[in-house]
Amino acid sequence: MPEPKHLDGEPGSLGTLLRAALPVVPGVNQLPGIRKGPASAFTGLAYAREGVVAERSRVDAYAAVCGFPRKDVVPLTYPHMLAFPLHMAIMSDADFPYPAIGMVHVENTITAHRAIAVGEALDVTTSVGAPRPHAKGVLLDFVTTVTGEGATAWESTSIYLRRGRTIDGDPAPGLMVPDAPTGGVEWRLPADLGRTYAAVSGDANPIHLYPLTAKALGFPRQIAHGMWTKARSIAAIENRLPAAVTVEVAFKKPVFLPGTVAYAARRDDAGWTFALTSPKDGSPHLLGRTR
Numbered sequence: 056m057p058e059p060k061h062l063d064g065e066p067g068s069l070g071t072l073l074r075a076a077l078p079v080v081p082g083v084n085q086l087p088g089i090r091k092g093p094a095s096a097f098t099g100l101a102y103a104r105e106g107v108v109a110e111r112s113r114v115d116a117y118a119a120v121c122g123f124p125r126k127d128v129v130p131l132t133y134p135h136m137l138a139f140p141l142h143m144a145i146m147s148d149a150d151f152p153y154p155a156i157g158m159v160h161v162e163n164t165i166t167a168h169r170a171i172a173v174g175e176a177l178d179v180t181t182s183v184g185a186p187r188p189h190a191k192g193v194l195l196d197f198v199t200t201v202t203g204e205g206a207t208a209w210e211s212t213s214i215y216l217r218r219g220r221t222i223d224g225d226p227a228p229g230l231m232v233p234d235a236p237t238g239g240v241e242w243r244l245p246a247d248l249g250r251t252y253a254a255v256s257g258d259a260n261p262i263h264l265y266p267l268t269a270k271a272l273g274f275p276r277q278i279a280h281g282m283w284t285k286a287r288s289i290a291a292i293e294n295r296l297p298a299a300v301t302v303e304v305a306f307k308k309p310v311f312l313p314g315t316v317a318y319a320a321r322r323d324d325a326g327w328t329f330a331l332t333s334p335k336d337g338s339p340h341l342l343g344r345t346r
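First residue of the sequence shown: 56, per my numbering; consecutive thereafter.
Below, the structure is given as structure tokens:
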């Protein structure tokens, strides 16, 4: 893996979003600095941010949107907000062979080694290696490490699917969550949830914002962010989780907004198993487990 590049500019700025969109614009996508290189030549890329502070106002705003209580430590999923600008920087880099638009977040694993205090200064690094084969295209593993007080405090792996031509090799099986619970409490999600979450996360992908912008990218109307569904699911059991924990989820069917989902969680000897499903037919939107 090459040495990390350092993120320049304000994370989540309009410029970052424009750079992410330009590689799908015909003609513009052939300009130097925008044109993507061949996937066969890509071996890896990394970006880093140093001294990033988990600010009280931003942590509280995020917690309120995702259903976490206000505490002096950040919610389990919050460090993803610090890493997301690095995800976007990698996807917007000309050396990364795939446009950001069209990347589908299919799985996410978070490991917290300890609680992170609000106001703590952190170093954040995200790296991605060569693509892996998938039946519908390729998978890319975005691996994030958050360091504080000289040691790793938090880690995550976000797996993105890029649909299209695959590569040689045998696809690895995805996350399996057998016997996940169904039914449970119903959550009614408002039409503006995607815009509300975008405001606190910086993830303003058009598929989450309005019916018109979602339709332009092939969806009948806007959909909820996958990481919101994970955060909200964890918030429902966060007071029963230890400070050091791993939470794995697979994102299945999109959650259309406005909409209603059912949340259920079950504890066993290994940890918690939980799911977001359709109240109509029990089909899964998200399957998860802790350990």
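Beta carbons: idealized from backbone N, C-alpha and C, even for Gly. Fair warning: this is a prediction, and the values are worked out from it, not measured in the lab.
- Counting C-beta atoms within 10 angstroms of its own C-beta, R344 has 16 or more neighbours from the protein chains shown and is therefore classed as buried.
- With respect to the 9 Å criterion, V159 and R218 are classified as neighbours on the basis of their beta carbons.
- Put simply, the backbone Cα of S95 is about 12 Å away from that of P188.
- In the DSSP assignment, G99 is bridged to G184.
- According to the DSSP assignment, Y265 belongs to no alpha helix (DSSP H), since it is labelled neither H nor E.
- M158: member of the beta strand (DSSP E) spanning M158 to A167, first to last residue.
- Here T315 is near E241, since their CB atoms are less than 9 Å apart.
- Sorting A185, P233, V193 and A235 by C-alpha distance to the C-alpha of P226 places V193 at the top.
- If you ignore the 5 residues before and after R276, its C-beta comes within less than 6 Å of the C-beta of P266, A269 and F311, all in its own chain and listed in chain order.
- Contact between R104 and V179 is confirmed by a C-beta separation of about 5 Å, below the 8 Å threshold.
- In terms of Cα proximity to S147, the closest of A271, G337 and L100 is L100.
- At a Cβ-Cβ threshold of 9 Å, V114 and P130 count as neighbours.
- A residue is called buried when at least 16 other Cβ atoms come within 10 angstroms of its Cβ; E303 meets this threshold and is buried.
- Classified as buried, M136 has 16 or more neighbouring CB atoms from the shown chains inside 10 Å of its CB.
- The three-state secondary structure of T301, taken from DSSP, is strand.
- If you keep only unbroken alpha helix (DSSP H) runs of at least 4 residues inside the segment 208 to 263, you get 248 to 256.
- Here K191 carries a coil assignment [DSSP, helix/strand/coil].
- Between A271 and G249, the gap from beta carbon to beta carbon reaches 9 Å or more.
- Setting aside the 5 residues that flank it on each side, T212 is surrounded in the same chain by T164, D196 and V198, each with a C-beta closer than 6 Å to its C-beta; the list follows chain order.
- In the three-state reduction of the DSSP assignment, I171 falls in the coil class.
- DSSP places P134 inside the alpha helix (DSSP H), whose first and last residues are P134 to S147.
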